[in-house]
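One structure below.
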Amino acid sequence: MKTIEVRDQVSLSLRRCFQLTVRGIRHRLFRSLVTVVIVTLAVSFLMMMLSTSFLDRQVARDVRQRSAGRQLLEDWLDKLTVPMTPQALAARLVIVEPGSSLWKEVKAWGHLTDGELIALKQISQQRQTYEKYLDGIKLGQRSALVGAREGDAVFEYLTEPANLDTFMKKIGTIGGFPTDKDALVAFLKRFSDAAPQRQKILTRHAEAVAGLGKELGARPAVELLASDQPETFALLRRHGFVPDPDVFEVLRKEAVLALDAKNIEDLLESKRMRGALARRTGVSVQELASGHLFKIASSIKGARWLREEVEAARKKTFTEIENLKKQLIQPVALSSERVVEVAAYGLGEAAPPSQAAGLKRDADQLLAVLRSGRMCDMIAKRLTATGTVIEAGEVKADPKHLFKVASTLDGARWMIDEAKVSREETLSKIRTEEGSLMEPLTLAPERIAEVAAGQLEIDRLAEIEASLPQETEGGWLGFSGRTGWLIIISFLVCAVGVTNAMLMSVTERFREIATMKCLGALDSVIMIMFVMESALQGLAGGLVGVVLGAILGIIRSLAGFGLLVFSNVPGVLLLASAGVCLVAGVVLAAIAAVYPAWVAARLAPMEAMRIE
Amino acid sequence: MAEPSKNADAQKDAASGPTAAAQVPAGAAGPGDERPIIIRTINLKKHYQMKMVITEALRGITVEIIRGEFLCVMGPSGSGKSTFFNMVGGLDSPTSGRVFIDEVDVAQLSAIELAFLRCRKIGYIFQSYNLVQYMTALENVTVPMAFAGVGGDEARERGMSLLETVGLAERWFHKPIEMSGGQQQRVAIARAMANLPQVLLCDEPTGNLDLKTGAEIHALLKGLSDDRGVTIICATHDHRLLNIADRIMWIRDGRVERLARRGEVTVEAGTIGGEENE
Chain A
6 MKTIEVRDQV
16 SLSLRRCFQL
26 TVRGIRHRLF
36 RSLVTVVIVT
46 LAVSFLMMML
56 STSFLDRQVA
66 RDVRQRSAGR
76 QLLEDWLDKL
86 TVPMTPQALA
96 ARLVIVEPGS
106 SLWKEVKAWG
116 HLTDGELIAL
126 KQISQQRQTY
136 EKYLDGIKLG
146 QRSALVGARE
156 GDAVFEYLTE
166 PANLDTFMKK
176 IGTIGGFPTD
186 KDALVAFLKR
196 FSDAAPQRQK
206 ILTRHAEAVA
216 GLGKELGARP
226 AVELLASDQP
236 ETFALLRRHG
246 FVPDPDVFEV
256 LRKEAVLALD
266 AKNIEDLLES
276 KRMRGALARR
286 TGVSVQELAS
296 GHLFKIASSI
306 KGARWLREEV
316 EAARKKTFTE
326 IENLKKQLIQ
336 PVALSSERVV
346 EVAAYGLGEA
356 APPSQAAGLK
366 RDADQLLAVL
376 RSGRMCDMIA
386 KRLTATGTVI
396 EAGEVKADPK
406 HLFKVASTLD
416 GARWMIDEAK
426 VSREETLSKI
436 RTEEGSLMEP
446 LTLAPERIAE
456 VAAGQLEIDR
466 LAEIEASLPQ
476 ETEGGWLGFS
486 GRTGWLIIIS
496 FLVCAVGVTN
506 AMLMSVTERF
516 REIATMKCLG
526 ALDSVIMIMF
536 VMESALQGLA
546 GGLVGVVLGA
556 ILGIIRSLAG
566 FGLLVFSNVP
576 GVLLLASAGV
586 CLVAGVVLAA
596 IAAVYPAWVA
606 ARLAPMEAMR
616 IE
Chain B
215 MAEPSKNADA
225 QKDAASGPTA
235 AAQVPAGAAG
245 PGDERPIIIR
255 TINLKKHYQM
265 KMVITEALRG
275 ITVEIIRGEF
285 LCVMGPSGSG
295 KSTFFNMVGG
305 LDSPTSGRVF
315 IDEVDVAQLS
325 AIELAFLRCR
335 KIGYIFQSYN
345 LVQYMTALEN
355 VTVPMAFAGV
365 GGDEARERGM
375 SLLETVGLAE
385 RWFHKPIEMS
395 GGQQQRVAIA
405 RAMANLPQVL
415 LCDEPTGNLD
425 LKTGAEIHAL
435 LKGLSDDRGV
445 TIICATHDHR
455 LLNIADRIMW
465 IRDGRVERLA
475 RRGEVTVEAG
485 TIGGEENE
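As given, the protein sequences belong to chains A and B, one line each in that order.
Quick note: the first sequence uses our numbering, first residue 6, plus one each step.
Quick note: the second sequence uses our numbering, first residue 215, plus one each step.
Pasting the structure below:
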């Protein structure tokens, strides 16, 4: 019996397969588009997620850099004025760098060597891992583990062996604990051993803060930081703080900025300014906030206007004070009887010449109360009440009315009292006005604009930072678990779609496949052809999807953070993720086509020999 | 493996009429006929099983097909004609019995060897042409050459000469959709001849064609048989092929009803006497 010797290559080269496939796709373009669109959807979703994630990270880094200066200032102010809580100490210990100001300070406060402080830092870092775990589990689970305890209390609780055992048992069911029991026990021991050290640091720090506060008195710490160096440094060192000259230059600038900004912001306390601002911006007085003020002040024109308004307000206040001073009356230094006498004299009663001069003098004194508008009012009211309808203006014009009221003992007493009240009132009004007198805005318009713009930027950065998603530790590529699942499911769904489309294609092409087989195509050739066809469609879909996804991602980041996005585009990362997405698309399409290709490859050639 | 003596015995039993229960037809190679056998089947049986029902398509066919002859296979639908075709063409495997193509037992072949067989030794022609719609005529013809590992230029040359043989040289760049049925079938024939096969299997080649075109195709096939010595096995209903074929085989109920040489057969049908029109 003879056997066949297989000579020559019976399997098609990949190149020919490729050519055939491309021709086939062109022939079936519309059907191919289905697969392309499906892959585009999956890939663009993945690409959008990736690019958003990278862009967000970049923006976060950028924002943190830009607000570094202000952050440093707030850090220092906090350290100088607020005694540390154990939580705050723990947080600081985790990030303290050897050799930095904080390092030296903590060493001094705790009487620690470098080695001891390093050990302390490690303990704090371990503590942070445990705390992160406890924060990451559900609230119900957390209270089952440690009740309502927070901070140090948690670890103190766990130092009891019985509690620790219960804890570990429950951990077994919840899962995800970062270390094993032995490590936890070792940590707890070190933690409680280091408690005295921590306590010492806290106590000494509190003392330092108190001492500094006492010496500063009413002066706010930020002013201290804004002043020039030698005096500041000396003061800080006296209380155990360690100022670093390089850092402090930055600090000083920031502090000056903060102070100037505060000066501008204080303008909002004046009612007059609020009124002016409301008129200029169209915002109601109640809704007026510092943001509006800074927005106006951030342009030179606005800054100039601000200065003018401040001057105008001050002028108004001075004018008002002048008016009030004019109305201020001296208390009546006469007895009621004397007042009656004087009033009688004023009304025209004759008086002996020896008393005339004295009476005249006292009459003038009495008449002086008419300077007060209130007095005139009150006198007019009293007269009207007794039947004579009189206006305040008439009272002021004609002394007769005053004398009439003062001519009775009762009236005299009343007038003396009223004069006192009027004086008090005017004095208090003067005090109020003086209180509302604003400091002149001595900053130059350029400086005002600079400060205001800077403050606006800081506020905006803070807003952005608040809206950024938290740094996620879990997941891959920085995704949360949920997003990762979404992507996987979307890819699965698309794979099913592609498989479906390819199966339809195979079914349509039964005859063609069978004919190919009759012509000598191997099963593997058929399979390669179909997988390649799908892979090519996946490539096309992937290309479109990558572009689409990148655009969508950029738009989404723009919407969130504005033009900040463009300051630092992570080009390399984006290209890399584009590559990954493209490959993912191709692989998706290829794998989804395996089953249909297998069905096609198994087809018996006699399907083509249908005689019917 | 067939033994000549067994074969001869079987041949003696053969009757020449339709009632023959024997497997071997009369008009076969008689004793002393030394022409080589290209396809040999021995007691070929095939049945399909669908759940509880077993359909016997072939109930034992034994034939010898001589190299270079023009064999016509006829039979009503459901007679097992197509099944027999598939066996002979290496497209299907029998339930029992053997098929030898050029002395090679088809059942022993692996997938690659089968593909080689289909590519080099056998050419196929279908009733519905089965050309690739998005390829030109020349490209269609060169597809089997690609499978045989023949390179671009040589393939094109051979393709063009084949198209010339079938008379379609000037239409080499047309797609199937731009050609008539007869022209498509001619391209199919050229394609089937691409790798110079020894056997040409034709499944109702003129079934979709009108009388005149059909006659052209028949002439073409006959030409191939005479000029190139290709063995042509044709399954057909068209009785005009009886004039061209060397031998005719009738299949009924999965058995060979009759196998006769051309001369031994007379066609009695209502034909119009004299020349056929057109």
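Glycine is no exception: its CB is placed at the ideal position from the N, C-alpha and C atoms.
Note that this is a predicted model, so its numbers are computed, not measured.
Practice problem: Would you tell me roughly how many angstroms separate the C-alpha atoms of A348 of chain A and T324 of chain A, rounded to the nearest one? | Solution: 35 angstroms
Quiz item: Under 8 angstroms Cβ-Cβ, which residues of chain A neighbour P358 of chain B?
Solution: L524, G525
Quiz item: By Cβ distance, which residues of its chain are closer than 6 angstroms to A606 of chain A, with the 5 residues on each side in sequence left out?
Solution: D528, I531, M532
Quiz item: Between which two residues does the alpha helix (DSSP H) carrying W114 of chain A extend?
Solution: 106 to 115
Quiz item: CA-CA distance, Y600 of chain A and T504 of chain A?
Solution: 7 angstroms
Practice problem: Mind listing, in chain order, the continuous beta strand (DSSP E) runs of no fewer than 3 residues lying wholly within the stretch 133 to 181 of chain A? | Solution: none
Quiz item: Between which two residues does the alpha helix (DSSP H) carrying V247 of chain A extend?
Solution: That residue, V247 of chain A, is in no alpha helix (DSSP H); it is neither H nor E in DSSP.
Practice problem: Mind listing the chain A neighbours of D367 of chain B? Cutoff is C-beta to C-beta under 7 angstroms, in chain order. | Solution: Residues of chain A passing the Cβ test: none, with the nearest at roughly 14 angstroms.
Quiz item: According to DSSP, what are the bridge partners of I280 of chain B?
Solution: B:I251
Practice problem: For Q322 of chain B, count neighbouring Cβ atoms within 10 angstroms of its own Cβ and tell me buried if that reaches 16, exposed if not. | Solution: exposed
Self-check item: Own chain, CB closer than 7 angstroms to E110 of chain A, minus 5 neighbours either side, in chain order
Solution: G245, F246, V247
Exercise. Note down, in chain order, all residues in the stretch 322 to 356 of chain B with a beta-carbon under 7 angstroms from any beta-carbon belonging to chain A.
Key: L323, A325, I326, E327, A329, F330, L331, R332, C333, Y338, F340, Q341, N344, V346, Q347, Y348, M349
Quiz prompt | Same chain, Cβ closer than 6 angstroms to M173 of chain A, five either side skipped, listed in chain order | solution = K186
Exercise. Going by CA-CA distance only, name the one from B:N457, B:P411, B:T450 that's closest to G282 of chain B.
Key: B:P411
Quiz item: So which residues of chain B does P610 of chain A contact, with C-beta pairs closer than 7 angstroms?
Solution: L305
Quiz item: For R28 of chain A, which residues in chain B fall below 9 angstroms Cβ to Cβ?
Solution: V346, Y348, M349, E353
Quiz item: Quick one: does T520 of chain A have its CB under 8 angstroms from some CB of chain C?
Solution: Given the protein chain composition of this structure (A and B), no chain C is represented.
Quiz item: Less than 8 angstroms separating the beta-carbons of F50 of chain A and P575 of chain A?
Solution: no
Quiz item: Quick one: is R31 of chain A near chain B, going by C-beta distance under 8 angstroms?
Solution: yes
Quiz item: T431 of chain A to R257 of chain A, Cα distance in whole Å?
Solution: 45 angstroms
Practice problem: Tell me where the beta strand (DSSP E) around Y338 of chain B begins and ends. | Solution: 336 to 339
Quiz item: Is the stretch 284 to 294 of chain B in contact with the stretch 345 to 356 of chain B, if contact means three or more CB pairs nearer than 8 angstroms?
Solution: no
Quiz item: Buried or exposed: L593 of chain A, going by 16 or more other Cβ atoms within 10 Å of its Cβ?
Solution: buried
Quiz item: At which residues does the beta strand (DSSP E) containing V470 of chain B begin and terminate?
Solution: 469 to 475
Practice problem: Could you check if W490 of chain A is buried or exposed, using at least 16 other CB atoms within 10 Å of its CB as the buried criterion? | Solution: exposed
Practice problem: Determine which residues share a DSSP beta bridge with C448 of chain B and list them. | Solution: B:C286, B:C416
Quiz prompt | Proximal chain B residues relative to R516 of chain A, where beta-carbon distance stays under 8 angstroms | solution = S342, N344
Quiz prompt | Residue-level contact to chain B via CB, R36 of chain A, 8 angstroms cutoff | solution = no
Quiz prompt | Within 8 angstroms, strictly: CB atoms of K401 of chain A and L352 of chain A | solution = no
Quiz prompt | Endpoints, the alpha helix (DSSP H) within which M463 of chain B is located | solution = Element bounds for M463 of chain B: not the alpha helix (DSSP H) but the beta strand (DSSP E), 461 to 466.
Practice problem: For M264 of chain B, write down the residues that DSSP places opposite it in a beta bridge. | Solution: B:V267
Quiz item: S375 of chain B lies in the alpha helix (DSSP H); which residues open and close that run?
Solution: 366 to 379
Exercise. Could you tell me the boundaries of the beta strand (DSSP E) in which I326 of chain A lies?
Key: First-last for I326 of chain A: 305 to 332, but that is the alpha helix (DSSP H), not the beta strand (DSSP E).
Quiz item: How about V470 of chain B and I336 of chain B: do their beta carbons lie closer than 8 angstroms?
Solution: no
Exercise. Report the residue from A:P88, A:G525, A:M54, A:L563 whose alpha carbon sits nearest the alpha carbon of Q204 of chain A.
Key: A:P88
Quiz item: Considering only C-alpha positions, which residue in the set B:I251, B:G304, B:R475 is nearest to A609 of chain A?
Solution: B:G304
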